[in-house]
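The structure appears below as structure tokens.
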Amino acid sequence: RYATNPYCAVLPATANNPPTVLDFATSEVAAGKVRVAKNKGVQMAPGALIDSKGQQTTDPWVLYNEPKGAIGPFGGVEAGHKGYGMAVMNEMLAGVLSGGQTCRPETDHDEDVILNGMLSVIINPSKMVDLQAFEAEVDATIAHVKASPAANPDEPVLGPGDPERLTRAERGAQGVPVDDETWREMLEAGVSVGIAEEDLRAIAGVN
């Protein structure tokens, strides 16, 4: 009935730590991961998808073939009610309270246009607590959490946003891996709006 209805919460950076960023889909996986699996020709992990009859499947094509399936809510079979409940609340807050549109077919949707509703609540910490005390407690709490014993000594405990920061640094140094089908689609999209394929390849730094 609805999309992946993501949730995001951010704490500002301190003198000692970057912003603490929690950003996730309320579905078991993001829609982009299913698209990547489809383009690579690989199966999804068990528990991520259901077919049009509500049965578990690992086939990413259920999101693209008719009748369509869906991505299950995060939490899986045992705890999916949590992701489901959060997704519905996000739909209400970002689609109804914002004055935007919801997933109901009666609302005016253009399937060729991505239309995202959003509700943002922005809080100035200094209006609620002493800012120096706030930053000190944030730093102390992050340090306390990351001091937890790691299951693998070679993989330290990470905080929200850390995996993405590490990946961004790696991609900046080594480039972004793109599967052949996704690259073909990107070239096709560029050519369709008048950009020469050789120019696209030059921009990407590939032959």
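Quick note: the sequence shown uses the numbering used here, first residue 12, plus one each step.
Heads up, the beta-carbon is just placed ideally off N, CA and C, and yes, glycines get one too.
Counting the other CB atoms within 10 Å of its CB gives I82 a total of 16 or more, which places it among the buried residues.
Approximately 4 Å separates the beta-carbon atoms of T37 and A98; this is inside 8 Å, confirming the contact.
For the region 88 to 145, not one full-length alpha helix (DSSP H) segment reaches 4 residues or more. Per DSSP, D34 is one residue of the beta strand (DSSP E) stretching across T31 to F35. By the neighbour-count criterion, in which 16 or more other beta carbons inside 10 Å mark a residue as buried, L108 falls on the exposed side.
Sequence-distant partners of T193 (beyond 5 residues in either direction) whose C-beta falls short of 6 Å from its own C-beta, in its chain, are N50. In the three-state scheme derived from DSSP, where H, G and I count as helix and E and B as strand, T68 is classed as strand. The beta carbon of G111 sits closer than 6 Å to those of G128, all from its chain and outside the five residues before and after it, given in chain order. Contact between V73 and K79 holds: their C-beta atoms lie close to 7 Å from each other, under 8 Å. If you draw a straight line from the Cα of P23 to the Cα of V156, it comes to about 18 Å. Under the DSSP assignment, V45 falls in the alpha helix (DSSP H) whose first and last residues are A42 to K51.
Rounded to the nearest whole angstrom, the CA to CA distance from R182 to Q66 is 36 Å.
Per DSSP, L22 is one residue of the beta strand (DSSP E) stretching across Y18 to L22. Of all alpha-carbon atoms in N28, T25, T15 and A20, the one lying nearest the alpha-carbon of G43 is that of T15. L169 is not bridged by DSSP to any residue.
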